[in-house]
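Per this note's numbering: the sequence shown = residues 4 to 257.
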Amino acid sequence: MLRTIIIDDEEPQRLNIEKMLRLYCPQLEVVGQADGVKTGAAAIKKLKPGLVLLDIKLDDGSGFDLLNALQPINFRVIFITAFDQYAIKAFRFNALDYLLKPIDPEELCQAATRASDIIQNDFNLQLANLQKFLKQDGKSQTRIIIKTHDNIHLVAVHDILFCQSDDNYTRFHFSDQKQIMVSATLKEYEDILSDSGFFRAHKSFLVNLKHITRFERADGGSLVLAGEIKIPVASRKRDELLLLLEQLTNNQSG
Numbered sequence: 004m005l006r007t008i009i010i011d012d013e014e015p016q017r018l019n020i021e022k023m024l025r026l027y028c029p030q031l032e033v034v035g036q037a038d039g040v041k042t043g044a045a046a047i048k049k050l051k052p053g054l055v056l057l058d059i060k061l062d063d064g065s066g067f068d069l070l071n072a073l074q075p076i077n078f079r080v081i082f083i084t085a086f087d088q089y090a091i092k093a094f095r096f097n098a099l100d101y102l103l104k105p106i107d108p109e110e111l112c113q114a115a116t117r118a119s120d121i122i123q124n125d126f127n128l129q130l131a132n133l134q135k136f137l138k139q140d141g142k143s144q145t146r147i148i149i150k151t152h153d154n155i156h157l158v159a160v161h162d163i164l165f166c167q168s169d170d171n172y173t174r175f176h177f178s179d180q181k182q183i184m185v186s187a188t189l190k191e192y193e194d195i196l197s198d199s200g201f202f203r204a205h206k207s208f209l210v211n212l213k214h215i216t217r218f219e220r221a222d223g224g225s226l227v228l229a230g231e232i233k234i235p236v237a238s239r240k241r242d243e244l245l246l247l248l249e250q251l252t253n254n255q256s257g
């Protein structure tokens with residue numbers, strides 16, 4: 004069983020999470036609770052959990068304050084947060100698990116199962132990148148974490164040429180011709196990368212606009228990337244794409 008601590012500044016929330024864990028997640032053993040940064044750090048040092056369910060906002064600081072005080076992290080973490088679109092994007096960008104309040108039992112169990120598979124060194128890398136992301140305060144991210152079954156990859160966003168859909172998988176194509184296949188849909192990465200200069204030109208392709216060399220109108224239209232790679236453009240996306248390319252050109256010349 005995975006020893007688990009719940010850290011949340013609201014007692015009813017802690018009790019509710021513990022109840023759900025006992026009912027739906029028999030692989031977890033709740034060994035303690037805490038209501039803040041100081042009490043949480045003390046509980047972790049004393050009880051040595053394998054998993055911590057951690058609220059982002061605590062009365063005496065944040066969940067990040069707690070984790071920074073305990074570096075390096077030698078336990079798994081599932082973040083708990085109220086709905087904040089930017090924070091959620093940050094978690095997804097860095098491939099970290101989070102739960103939205105109010106917590107759904109099924110999502111809690113899924114997150115707990117995934118937590119059992121996390122490589123601990125990976126988490127420290129992910130956490131560092133997450134905090135860097137949040138400090139950027141909405142600016143375009145420069146690096147993204149891509150998790151495969153065996154590895155975690157921290158890659159520069161500008162090195163991604165395009166992403167290609169393969170059923171429920173996404174294949175990343177890089178400027179050095181390397182490829183990485185991940186178990187996530189293209190839609191998920193469209194949401195993550197849309198603010199970093201990527202455009203869904205076709206149902207099967209998400210393209211980094213910075214690597215476009217030209218637009219060809221023949222055969223309904225296609226984008227040509229570095230290396231003469233051609234990406235089809237869906238007819239319904241053509242006008243939006245041309246407008247984006249015009250804006251990109253104006254910004255570069257301005």
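The beta carbon of each residue, even a glycine, is placed where N, CA and C say it ideally should be.
task = Look up L73 in the DSSP assignment and say whether it is helix, strand or coil.
result = To locate residue 73, count along the sequence shown from 1; it is residue 70. In the structure shown, L73 sits in coil (DSSP, three-state: anything other than H, G, I, E or B).
task = Please determine if the stretch 68-87 and the stretch 21-29 are in contact, where contact requires at least 3 C-beta pairs separated by less than 8 Å.
result = Too few Cβ pairs lie closer than 8 Å, so no.
inquiry  = So if DSSP puts V40 in a beta bridge, which residue, or which two residues, is it bridged to?
reply    = Residue numbering aside, residue 40 sits at position 37 when the sequence shown is read from its first letter. BP columns for V40 are empty, so no partner.
query = Between which two residues does the alpha helix (DSSP H) containing L18 stretch?
reply = Working through the sequence shown from its first residue, we reach residue 18 at position 15. Boundaries of the alpha helix (DSSP H) harbouring L18: 14-27, taken from the DSSP string.
request  = Run the CB neighbour count on K190, radius 10 Å, all protein chains shown included, and call it buried at 16 or more, exposed below.
outcome  = Sequence index remark: in the sequence shown, residue 190 carries index 187 (1-based). K190 sits exposed, since fewer than 16 C-beta atoms from the chains shown fall within 10 Å of its C-beta.
query = Measuring CA to CA, which of M184, L246, C166, M4 is closest to N211?
reply = The sequence position of residue 211 within the sequence shown is 208, counting from 1. Checking every option, the nearest Cα to that of N211 belongs to C166.
inquiry  = Quick check on this structure: which residue in P29, L50, K41, V55 has the alpha carbon closest to the alpha carbon of L61?
reply    = Here the question's residue 61 lines up with position 58 in the sequence shown. It is K41.
key: Run of the beta strand (DSSP E) containing T173, from where it starts to where it stops   = As a position in the sequence shown, residue 173 is number 170, starting the count at 1. It spans 172-177 - the beta strand (DSSP E) in which T173 sits, taken as one unbroken run.
query = Would you report the Cα separation of I76 and V34, rounded to the nearest angstrom?
reply = For the purposes of this step, residue 76 is identified with residue 73 of the sequence shown, where counting begins at 1. For the purposes of this step, residue 34 is identified with residue 31 of the sequence shown, where counting begins at 1. Straight through space, the alpha carbons of V34 and I76 are spaced by roughly 18 Å.
ask   = In whole angstroms, what is the alpha-carbon distance linking D12 and D58?
value = For the purposes of this step, residue 12 is identified with residue 9 of the sequence shown, where counting begins at 1. For the purposes of this step, residue 58 is identified with residue 55 of the sequence shown, where counting begins at 1. For D12 and D58, the distance between alpha carbons rounds to 8 Å.
request  = Could you please give the first and the last residue of the uninterrupted alpha helix (DSSP H) stretch that includes I195?
outcome  = Here the question's residue 195 lines up with position 192 in the sequence shown. For I195, the enclosing alpha helix (DSSP H) has its first and last residue at 189-196.
ask   = Among the residues of its own chain, which have a CB less than 7 Å from the CB of E110, if the five just before and after it don't count?
value = Locating residue 110 in the sequence shown gives position 107, where the first residue counts as 1. Excluding its 5 nearest sequence neighbours in each direction, E110 has C-beta neighbours in its own chain below 7 Å: L102, listed in chain order.
request  = Mark Y192 as exposed unless 16 or more other C-beta atoms lie within 10 angstroms of its C-beta, in which case mark it buried.
outcome  = Taking the sequence shown and counting its residues from 1, the one referred to as residue 192 is at position 189. Classification for Y192: buried.
request  = Compare the Cα-Cα distances from N171 to each of S186, I234, H161, D162 and report the closest residue.
outcome  = Stepping through the sequence shown from its first residue, residue 171 is reached at position 168. Considering only S186, I234, H161, D162, the residue with the shortest C-alpha distance to N171 is S186.
key: 8 Å Cβ shell around H205 - same chain, five flanking residues per side excluded   = Start at 1 with the first residue of the sequence shown, and residue 205 comes out as number 202. Excluding residues within five positions, the ones whose Cβ falls inside 8 Å are I234, P235, V236, A237, K240.
task = Grab me the residues of E243's own chain with a C-beta within less than 7 Å of its C-beta, minus the 5 sequence neighbours each way, in chain order.
result = Taking the first residue of the sequence shown as 1, we reach residue 243 at position 240. Cβ neighbours of E243 beyond the five flanking positions: none.
message = Quick check: what's the CA-CA separation for L251 versus S168?
response = Taking the sequence shown and counting its residues from 1, the one referred to as residue 251 is at position 248. Taking the sequence shown and counting its residues from 1, the one referred to as residue 168 is at position 165. So the alpha carbons of these two residues sit roughly 25 Å apart.
Beta-ladder partner(s) of L102, from DSSP = If you number the sequence shown from 1, residue 102 lands on position 99. For L102, which the question treats as bridged, DSSP gives the partners I83.
ask   = Rounded to the nearest angstrom, how far is the Cβ of L248 from that of F218, given a contact under 8 Å?
value = For the purposes of this step, residue 248 is taken as the residue at position 245 of the sequence shown. For the purposes of this step, residue 218 is taken as the residue at position 215 of the sequence shown. The pair is a contact, with the Cβ atoms about 6 Å apart (cut-off 8 Å).
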